[in-house]
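Read the structure below first, then the notes.
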Ligand SMILES: Cc1ncc(COP(=O)(O)O)c(C=O)c1O
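Residue numbers (this note's numbering), protein chains in the order written: chain A, 186 to 654; chain B, 79 to 391.
Spelled out as structure tokens, the structure:
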């Protein structure tokens, strides 16, 4: 082309100088792009956390939703109260009663899924730089919200019984000694996302005792509590204390996530702020969804439905644990969840679950790399495996493929001189049956001049203070 | 226009998501031009879909894997389907960098010194011996990358020999063959080539300046993360030399319809040919549309030209 062109310079985003600082982490990611392959039917996705709702009574739900519109259309399709509709707030209290909570409908605030309540709670309490203590590892969606409000997230160790009270106390005191403002601790006591672990009742009491001692607010996020497989619901932390806990609940896993209805049960003054926040954010949570769920709860044996869900998830959980037993190399360890959706796997030292994802996708199996659940780059040799959605047969096959992936990777690493073996129990990796495996954390080295704590014989303390870089 | 264009995107390669973006953008542009467009994934009913359509033009926008290695095009040829882009045979050649780069080098174009090896070679002959040999021959820094993936997936710049084994393991997680090549310092440019009745035409070389210094996945697909200068801020003679390299590559590999050459221009102004893509990205952050627009042409018009040109075959 003979004619010289006019030179043009572009970065393809005319707004790139205008974005708020909090968007700085919102960039394209190779790992995220690999998940697009996970959605293909050929791939067994152990990555997603989608509840399996195929067995819901679709006919009767559609009849009742049709009737709802026919008989009450103008009301249920109108704006509603920012706090949420009175009827559903009463029903929410009935749901929470199953976990020992005595709540007043007046203290319930409805939200667009519990995800939006996480957002409201965070915006209500967090100024940029304030500290949120979060279990290590923690739900990726909560970490995203905390980051969006520019909180400083500091992880607190877990062991097989969940959040460690001593580590919590230590974290609070260390932060305060450094002049930091610690606003709350975020915890998922039941069938934790991503570890699958559940706090014992004793542990809940201990956590609460520490919170009282150091005067700390607890945000208890509990979407999975009613989905125990081997155990019945344990008393919620909120059932033990009504002043120190903001409790978050959701219909997403016990009914269906598409309605987007979750809630908070909060101490009175906090509740008032959440309502004002809700008004500013959405005017009101989805009114139609709230009525639809109210109708479902009134007309259907929803508790019987939950029993069915639990049975359905039991088959899946069992298929996964059987598959892992059959196919995983000795040196990998994993948790044995008593309910919920997730197994947390720890690979031998040196393995990198992000890097492994490409090979996994080639083998048509997917998972979520562990570092997504940490704010600070830990979790690189962990993976979250969810068993909620695929069939038991698919789940079993998925673990077989994953076993091959690990075998190939181990061979390759061996070829290139990395001395990690899949066949030996490595000294730093606790035995298979120790569910504390892989609960890495806390990144308190920077906070405490005396850490890291010397490893103890139990494995629990050792693993909690092991860093995973 | 009542020509039906079947846009083939997605697939099961690591670049599935990029391919879906490319496919979607091309579909929109062609619809805007009045074509009937059907978007489809690489899936079971593809053969049926092609058979049932009335002389469709297939536009494969699959990146990586079977989309670029010739496999999908082999099937299209089996179906006697008209499609846009290079033939299965030339894809096989150009996608295998072990073959393609030396072929382009034979035309007198400079290419980086490189070694292409499957992982079993390292296993069978001993990795440390082989890696020593390679690094002695190529020096540092090195670029390590898989042969079968684009978008900088599995790509590492190695500045210390200690990092080489890790880089190899990463590259091999994307496929069984990896390229290790000398790192060439210079200005990164990409040059699209489009075939016209009078022969292939090279579009303006686009200079790529990632804010982070590295044109990795994030820099490629986050709008705003990379500055593109088109034509590149280089002397006119150097731009011409880059165009000549792209055309030489396009011809040497027997490519058809469209391609994109990736080139590094050394501080002395010498273009070094890195690789040729038979399925250049067409996403909102891709180089090809930018280059075409900076030449004062419309991307949609060029796509429409490709469809019409294919229809006449
Ligand atoms: C721990 C945890 N909290 C909150 C949520 C958000 O749920 P929803 O917004 O659907 O209620 C999820 C969803 O996966 C979760 O796992």
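Cβ atoms here follow ideal geometry from the backbone N, Cα and C, with glycine treated the same way. Keep in mind the model is a prediction, meaning the values are calculated, not measured.
Residue range of the unbroken beta strand (DSSP E) whose run includes residue 355(B)
349 to 355
Cα separation between residue 495(A) and residue 586(A)?
26 Å
Under three-state DSSP, which class holds residue 329(A)?
helix
Uninterrupted beta strand (DSSP E) stretches inside the region 329 to 386 of chain B (no shorter than 3 residues)
336 to 343 and 349 to 355
Nearest to residue 444(A) by alpha carbon, out of 476(A), 465(A) and 391(A)?
476(A)
What does the alpha-carbon distance come out to for the pair residue 352(A) and residue 341(B)?
54 Å
Is residue 378(A) close to ligand 1? I mean its beta-carbon at under 7 Å from any heavy atom of the ligand.
yes
Ligand 1 and residue 540(A): does the residue's C-beta get closer than 7 Å to at least one heavy atom of that ligand?
no
What is the residue span of the alpha helix (DSSP H) that residue 497(A) lies within?
Here the alpha helix (DSSP H) through residue 497(A) covers 487 to 512.
Going along chain A, which residues have a C-beta under 9 Å from residue 307(B)?
Per Cβ cutoff of 9 Å: 192, 193, 194 and 195.
Return the CA-CA distance between residue 657(A) and residue 343(A), expressed in angstroms with no decimal places.
Here chain A comprises residues numbered 186 to 654, so residue 657(A) is not present and cannot be evaluated.
For residue 201(B), which option in 250(B), 185(B) and 220(B) has the closest C-alpha, if you only look at C-alpha atoms?
250(B)
Let me check one thing: in DSSP terms, what residues is residue 567(A) bridge-paired to?
531(A)
At least one CB of chain A closer than 8 Å to the CB of residue 139(B): is that the case?
no
I want to know whether the region 109 to 118 of chain B touches the region 239 to 250 of chain A - three or more CB-CB distances under 8 Å.
No, the region 109 to 118 of chain B is not in contact with the region 239 to 250 of chain A.
Leaving out five residues on either side along the sequence, give the residues of the same chain with a beta carbon under 7 Å from the beta carbon of residue 655(A).
The shown model of chain A, from 186 to 654, leaves out residue 655(A), and the question about it has no answer.
Any heavy atom of ligand 1 closer than 7 Å to the CB of residue 304(A)?
False, no ligand heavy atom lies under 7 Å from that Cβ.
Which residues in chain A sit within 9 Å of residue 354(B), going by Cβ to Cβ distance?
Under the 9 Å cutoff, chain A gives no residues; its nearest Cβ is about 20 Å from residue 354(B).
With hydrogens ignored, establish whether the beta-carbon of residue 371(A) is closer than 7 Å to any heavy atom of ligand 1.
no
Please name the residue in 594(A), 219(A) and 275(A) whose C-alpha comes closest to that of residue 229(B).
219(A)
Counting Cβ pairs, one atom from each stretch, are 3 or more of them under 8 Å apart for the region 238 to 253 of chain B and the region 274 to 291 of chain B?
no
Within 10 angstroms of its Cβ, does residue 374(B) collect 16 or more other Cβ (buried), or is it exposed?
exposed
Exposed or buried, which one is residue 284(A) when buried takes at least 16 other CB atoms within 10 Å?
buried
Within a Cβ cutoff of 7 Å, which residues of the same chain sit near residue 416(A), ignoring the five residues on either side of it in sequence?
523 and 524
In this structure, does DSSP put residue 337(A) in helix, strand or coil?
strand
Expressed to the nearest angstrom, what Euclidean distance is found between the alpha-carbon atoms of residue 235(A) and residue 302(A)?
19 Å
So, at 6 Å on beta carbons, what are the nonlocal neighbours of residue 384(B) in its own chain, with the 5 sequence-adjacent residues on each side left out?
162 and 335
Residues bridged to residue 394(A) (per DSSP):
Beta-bridge pairing links residue 394(A) to no other residue.
As a quick exercise: from 568(A), 542(A), 450(A) and 497(A), pick the residue whose alpha carbon is nearest that of residue 282(A).
450(A)
Residues in the same chain with beta-carbon distance under 8 Å from residue 491(A), minus the five sequence neighbours each way, listed in chain order, please.
411, 412 and 439
Span of the alpha helix (DSSP H) holding residue 299(B)?
295 to 299
Simplified DSSP assignment, three categories, for residue 368(A):
Three-state result, residue 368(A): strand.
With DSSP collapsed to three states, give me the class of residue 115(B).
strand
Does DSSP classify residue 264(A) as helix, strand or coil?
coil
If contact is defined by three or more beta carbon pairs under 8 Å, each pair taking one atom from either stretch, is the region 550 to 559 of chain A in contact with the region 257 to 266 of chain B?
no
Boundaries of the alpha helix (DSSP H) in which residue 129(B) is found, first to last residue
124 to 130
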